[in-house]
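Just below is one structure, and these are the notes that go with it.
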Amino acid sequence: MSIATQDTAIRTGRVMRTLIYLVLLLFVLFYMLPLYVMVVNSVKPLEEITGGGMMNLPQVFTLEPWAKAWSSAQIGVEPTGLSPYFWNSIKMVVPAVAISTVLGALNGYVLTKWRFKYDTIVFGLILFACFIPFQIVLIPMAKMLGLMGLAGTTWGLVLVHVVYGVGFTTLYFRNYYAVFPTELIRAAQIDGAGFFQIFWRILLPSSGPIAVVSIIWQFTNIWNDFLFGASFAGADSQPMTVALNNLVQASHGVKEYNVHFAGAILAALPTLLVYIVAGRYFVRGLMAGSVKG
Amino acid sequence: MGFLDIDNTTKSYGAVEVLHKVDISVQEGEFLVLVGPSGCGKSTLLNMIAGLEEITSGEIRIKDNVMNGVHPSKRNIAMVFQSYALYPNMTVGQNITFGLEMHGTPKPERDKAMKDVAQLLQIEPLLDRKPGALSGGQRQRVAMGRALVRNPDVFLFDEPLSNLDAKLRVDMRTEIKKLHQKLGTTIVYVTHDQIEAMTLSTRIAVMNGGYVQQLGTPQEIYDTPANIFVATFMGSPAMNVVPAKVALENGRPVAQVSLFDGSTVALPFSQNNMSDWAGKDILLGIRPETITDEDAADRKSSNIAHMTNRIVVTEPAGSDTFVTMTLGGKDVIARMRSDADVHPGADFMFAVNMEKAVAFDPKTENRIAP
Chain A
0 MSIATQDTAI
10 RTGRVMRTLI
20 YLVLLLFVLF
30 YMLPLYVMVV
40 NSVKPLEEIT
50 GGGMMNLPQV
60 FTLEPWAKAW
70 SSAQIGVEPT
80 GLSPYFWNSI
90 KMVVPAVAIS
100 TVLGALNGYV
110 LTKWRFKYDT
120 IVFGLILFAC
130 FIPFQIVLIP
140 MAKMLGLMGL
150 AGTTWGLVLV
160 HVVYGVGFTT
170 LYFRNYYAVF
180 PTELIRAAQI
190 DGAGFFQIFW
200 RILLPSSGPI
210 AVVSIIWQFT
220 NIWNDFLFGA
230 SFAGADSQPM
240 TVALNNLVQA
250 SHGVKEYNVH
260 FAGAILAALP
270 TLLVYIVAGR
280 YFVRGLMAGS
290 VKG
Chain B
0 MGFLDIDNTT
10 KSYGAVEVLH
20 KVDISVQEGE
30 FLVLVGPSGC
40 GKSTLLNMIA
50 GLEEITSGEI
60 RIKDNVMNGV
70 HPSKRNIAMV
80 FQSYALYPNM
90 TVGQNITFGL
100 EMHGTPKPER
110 DKAMKDVAQL
120 LQIEPLLDRK
130 PGALSGGQRQ
140 RVAMGRALVR
150 NPDVFLFDEP
160 LSNLDAKLRV
170 DMRTEIKKLH
180 QKLGTTIVYV
190 THDQIEAMTL
200 STRIAVMNGG
210 YVQQLGTPQE
220 IYDTPANIFV
230 ATFMGSPAMN
240 VVPAKVALEN
250 GRPVAQVSLF
260 DGSTVALPFS
270 QNNMSDWAGK
280 DILLGIRPET
290 ITDEDAADRK
300 SSNIAHMTNR
310 IVVTEPAGSD
320 TFVTMTLGGK
330 DVIARMRSDA
340 DVHPGADFMF
350 AVNMEKAVAF
360 DPKTENRIAP
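As you go down the protein sequences, you meet chains A and B in turn. Going by numbering that gives the first Met the number 0, 59 is the number at position 60 of the first sequence; the sequence numbering is gapless. Going by numbering that gives the first Met the number 0, 142 is the number at position 143 of the second sequence; the sequence numbering is gapless.
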């Protein structure tokens, strides 16, 4: 009796597993398909795409569309390619990610290790920033940037993204530091370390996993942002996403789909790179602090 | 004037007073242990000496300097924490010298101090390792090294052995005692373990409910406990406390205690002032090791009483055998030699060393002083 049951259990197990793998495979194909379309079409001459057969592998392999998208495609009125906008994005993303991460870490440190009256309310208010939709602040933010003389500059965009990102980074670091042993802070205090010395020497070196989470999250969000870039950037501070839109939306001439595909991949590559380099810390960091011990 | 004075110190959180007027003066080179059950305020008091908790009222002085409001790092104290609190990102060497570095000591001096301490604690081979790669006992040593290197006026230990396994705990206890004898430093040590308190201290403060119940040498605490709390908290197994009635026999005060069958036995007091309590109820405190068989009774004692009582349970523990009986309606434990001829259910003649017995007032629970 028991042997028979075991037998069926194994057989259903096998059937189920095959089914599960089939379904998973289907999902993989479904998710990979857009990437496949983008990659194959970005290395084809334009005639192969307009002649139909978007799904076919390229008959003639060419990197011409990539080169054109990067350095000579018509963006708006100038034939500059995406490269200057790529650097605009970098100049905006790097400081914005760095500043918002450090500020989040400082906030988390204060909210957990230097507790004060009503600190949970302060934390709640900071957290509130995570839930405010972008559209609501567009006009007030434009006014503020104007008043500060930052309208249309990269630093204006950095400020906007820092303000928006601090809510998230504070949340990450607060939860991470909440389970960081307070005795360590006390030991450092007795050893004579001050507020910032404890932060730099004791806390930050132990914050690797959560810093990675914060950096990936912030980098992806800020790099991919379109609304703030389109709203607040000047002609010489437009980020990659806005430029890509201008490239694809150009209303004159032939639609160079292969160049558009190459440009879109170029715009997506940096976030992909960050995931590949730091991704394995991501899940670990997200889980950290959720379970004690 | 002591080396470390805790002068009428209280601590309140809002309206709740958790420490009530603590008054302790510690001399230089003393080893003071604060002992009590969890929540008695002993760690709070230690943190107040360290400067990690504010003092609500009263004063704490080290070498006659008032410490109220002085930053922890400027009190010239060092603390060993329960969790060791080693900095996980630094090597053992960096952990030990971090405090010196923060106080601006030049590197050559730091290295020399580190070497001396490492030699003293025999942790030289560990200096380049991270705390994560150390065993519990090694971490404990490093934590002590970090405290020693600063050469502080007062060492504060916050339950430093409670994270170690039983055997290591006993070893480290001896190490700490050796270290204290060798260096002659002033130590305040918090523990909930009464054996640690007895073995390590030169003086003990037994605390409960935010009050210092008794302050004295280990012997004083053990032999003349101030009240029933101290009597039963210190010592293992705990002191037996049984209801008794004081009577006079031939002009001598005796404690009448009921045996297993309801008959009473008269145990004569050594303290003559117990005559004043004649006719009144008291609580009689008898340590387990003062109830023995006739042969093991203390020969130096001038007051051995005898009683025949029925044995309920025997618990052989190797070195001793614990015998449970009913006395005054309570379970009473006697600590017998392991070869004593005791059997459950049998009647046995016990010898009670009444010189060591203490009496408590049942109303106040305080000891009736001789």
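C-beta: ideal position from N, C-alpha, C; glycine also.
Short-range partners of chain B found in the segment 178 to 192 of chain A, where Cβ spacing is below 8 Å: Those would be Pro180, Glu182, Leu183, Arg185, Ala186, Ala187, Gln188, Ile189, Asp190, Gly191 and Ala192, in chain order.
Neighbourhood of Pro36 of chain B by C-beta distance below 8 Å, restricted to the same chain and skipping five residues each side: Your numbering for residue 36 of chain B matches position 37 in the second sequence. The beta carbon of Pro36 of chain B sits closer than 8 Å to those of His191, Asn207 and Phe232, all from its chain and outside the five residues before and after it, given in chain order.
Local Cβ density within 10 Å of Leu33 of chain B, reported as buried at 16 or more and exposed below that: In the second sequence, residue 33 of chain B corresponds to position 34, counting from 1. Around the beta carbon of Leu33 of chain B, a 10 Å sphere encloses 16 or more other beta carbons of the protein chains shown; the residue is thus reported as buried.
Pair within 8 Å by beta-carbon distance, Ala141 of chain A and Phe231 of chain A: Stepping through the first sequence from its first residue, residue 141 of chain A is reached at position 142. Stepping through the first sequence from its first residue, residue 231 of chain A is reached at position 232. In contact: Ala141 of chain A and Phe231 of chain A (Cβ atoms closer than 8 Å).
Proximity test, Cβ basis, 8 Å: Gly135 of chain B and chain A: Translated into positions along the second sequence, residue 135 of chain B becomes position 136. Closer than 8 Å to the CB of Gly135 of chain B there is not a single CB belonging to chain A.
Chain-ordered chain B contacts of Pro204 of chain A [CB-CB under 7 Å]: Walking along the first sequence from the start, residue 204 of chain A turns up at place 205. Neighbours of Pro204 of chain A on chain B, chain order: Asn88.
CB contact flag (Glu29 of chain B, Arg202 of chain B, <8 Å): Here the question's residue 29 of chain B lines up with position 30 in the second sequence. Here the question's residue 202 of chain B lines up with position 203 in the second sequence. Using a Cβ distance threshold of 8 Å, Glu29 of chain B and Arg202 of chain B count as a contacting pair.
Rounded distance between the beta-carbons of Tyr108 of chain A and Leu183 of chain A, thought under 8 Å: Position 184 of the first sequence holds residue 183 of chain A. Position 109 of the first sequence holds residue 108 of chain A. Contact annotation, Leu183 of chain A with Tyr108 of chain A: C-beta distance approximately 12 Å; criterion of less than 8 Å not satisfied.
Straight-line gap, Leu125 of chain B to Val141 of chain B (C-alpha atoms, nearest Å): What you label residue 125 of chain B is simply residue 126 of the second sequence in a count that begins at 1. What you label residue 141 of chain B is simply residue 142 of the second sequence in a count that begins at 1. When rounded, the distance between both Cα atoms is 9 Å.
Same chain, Cβ closer than 7 Å to Arg74 of chain B, neighbours up to 5 away in sequence not counted: Your numbering for residue 74 of chain B matches position 75 in the second sequence. Result list for Arg74 of chain B: Gly50, Ile61 and Met66, in chain order.
Rounded C-alpha distance that separates Trp276 of chain B from Ala243 of chain B: For the purposes of this step, residue 276 of chain B is taken as the residue at position 277 of the second sequence. For the purposes of this step, residue 243 of chain B is taken as the residue at position 244 of the second sequence. Rounded to whole angstroms, Trp276 of chain B and Ala243 of chain B show a C-alpha spacing of 11 Å.
Proximity below 8 Å, CB of Val159 of chain A to CB of Ser99 of chain A: On the first sequence, residue 159 of chain A is found 160 positions in, with the first residue counted as 1. On the first sequence, residue 99 of chain A is found 100 positions in, with the first residue counted as 1. With a cutoff of 8 Å on beta-carbon distance, Val159 of chain A and Ser99 of chain A are scored as not near each other.
8 Å contact criterion, which Met78 of chain B and Ile95 of chain B should meet: CB distance rounded: Reading the second sequence from its first residue, position 79 is the one you call residue 78 of chain B. Reading the second sequence from its first residue, position 96 is the one you call residue 95 of chain B. Going by Cβ atoms, the distance from Met78 of chain B to Ile95 of chain B rounds to 14 Å, so no, they are not a contact pair.
Contact with chain A by Gly40 of chain B, beta-carbon distance below 8 Å: Numbered from 1 along the second sequence, position 41 holds the residue referred to as residue 40 of chain B. It does not: the Cβ of Gly40 of chain B has no partner Cβ on chain A nearer than 8 Å.
Three-pair Cβ contact test at 8 Å for the segment 65 to 72 of chain A versus the segment 192 to 200 of chain A: No, the segment 65 to 72 of chain A is not in contact with the segment 192 to 200 of chain A.
Collapsed DSSP secondary structure at Val253 of chain B in the structure displayed: Taking the second sequence and counting its residues from 1, one reaches residue 253 of chain B at position 254. Three-state DSSP puts Val253 of chain B in a strand.
Asn40 of chain A CB to nearest heavy atom of the ligand NAD below 7 Å: Of ligands this structure carries none, so the ligand NAD is not represented either.
CB contact check: Gln73 of chain A to chain B, cutoff 8 Å: Numbered from its first residue, the first sequence carries residue 73 of chain A at position 74. Closer than 8 Å to the CB of Gln73 of chain A there is not a single CB belonging to chain B.
Under 7 Å from the C-beta of Phe97 of chain B: neighbouring residues of chain A: For the purposes of this step, residue 97 of chain B is identified with residue 98 of the second sequence, where counting begins at 1. By Cβ distance, chain A contributes Asp190.
Residue nearest to Phe321 of chain B in terms of C-alpha spacing, selected from B:Met306, B:Ser300, B:Phe349 and B:Gly284: Here residue 321 of chain B refers to the residue found at position 322 of the second sequence. Minimum Cα distance to Phe321 of chain B is reached at B:Phe349.
Contact with chain B by Gln196 of chain A, beta-carbon distance below 8 Å: The count along the first sequence starts at 1 and reaches residue 196 of chain A at position 197. Cβ-Cβ to chain B under 8 Å: yes for Gln196 of chain A.
When A:Tyr35, A:Ile275 and A:Pro238 are compared against Gly155 of chain A, the one with the closest alpha-carbon: Position 156 of the first sequence holds residue 155 of chain A. Of the candidates A:Tyr35, A:Ile275 and A:Pro238, the one whose C-alpha sits nearest the C-alpha of Gly155 of chain A is A:Pro238.
Simplified DSSP state of Met78 of chain B, which is helix, strand or coil: Position 79 of the second sequence holds residue 78 of chain B. Three-state DSSP puts Met78 of chain B in a strand.
Range covered by the alpha helix (DSSP H) that runs through Phe133 of chain A: Against the first sequence, residue 133 of chain A aligns to sequence position 134. Where Phe133 of chain A is concerned, the enclosing alpha helix (DSSP H) stretches over Phe133 to Met147.
Contact list for Ile201 of chain A against chain B, beta-carbon separation under 7 Å: Locating residue 201 of chain A in the first sequence gives position 202, where the first residue counts as 1. Within chain B, the residues near Ile201 of chain A are Tyr86.
Cα-Cα separation between Ala339 of chain B and Phe156 of chain B, rounded to whole angstroms: Looking up residue 339 of chain B in the second sequence gives position 340. Looking up residue 156 of chain B in the second sequence gives position 157. Distance between Ala339 of chain B and Phe156 of chain B, taken at the CA atoms: about 41 Å.
Closer than 8 Å at the beta carbon, the chain A residues around Ile122 of chain B: Start at 1 with the first residue of the second sequence, and residue 122 of chain B comes out as number 123. For a Cβ distance threshold of 8 Å, nothing in chain A lies close to Ile122 of chain B: the least Cβ distance comes to about 17 Å.
Chain-order list of residues whose beta-carbon lies under 7 Å from that of Arg376 of chain B (same chain, five-residue window excluded): Only positions 0 to 369 of chain B appear in this structure, which leaves residue 376 of chain B out of reach.
For Thr43 of chain B and Gly3 of chain B, believed in contact at Cβ under 8 Å, the rounded distance: Stepping through the second sequence from its first residue, residue 3 of chain B is reached at position 4. Stepping through the second sequence from its first residue, residue 43 of chain B is reached at position 44. According to the sequence as given, residue 3 of chain B is Leu; it is not Gly. With a Cβ gap of about 16 Å, Leu3 of chain B and Thr43 of chain B do not count as contacting.
Straight-line gap, Ile5 of chain B to Pro369 of chain B (C-alpha atoms, nearest Å): The sequence position of residue 5 of chain B within the second sequence is 6, counting from 1. The sequence position of residue 369 of chain B within the second sequence is 370, counting from 1. Their backbone Cα atoms lie some 30 Å apart in a straight line.
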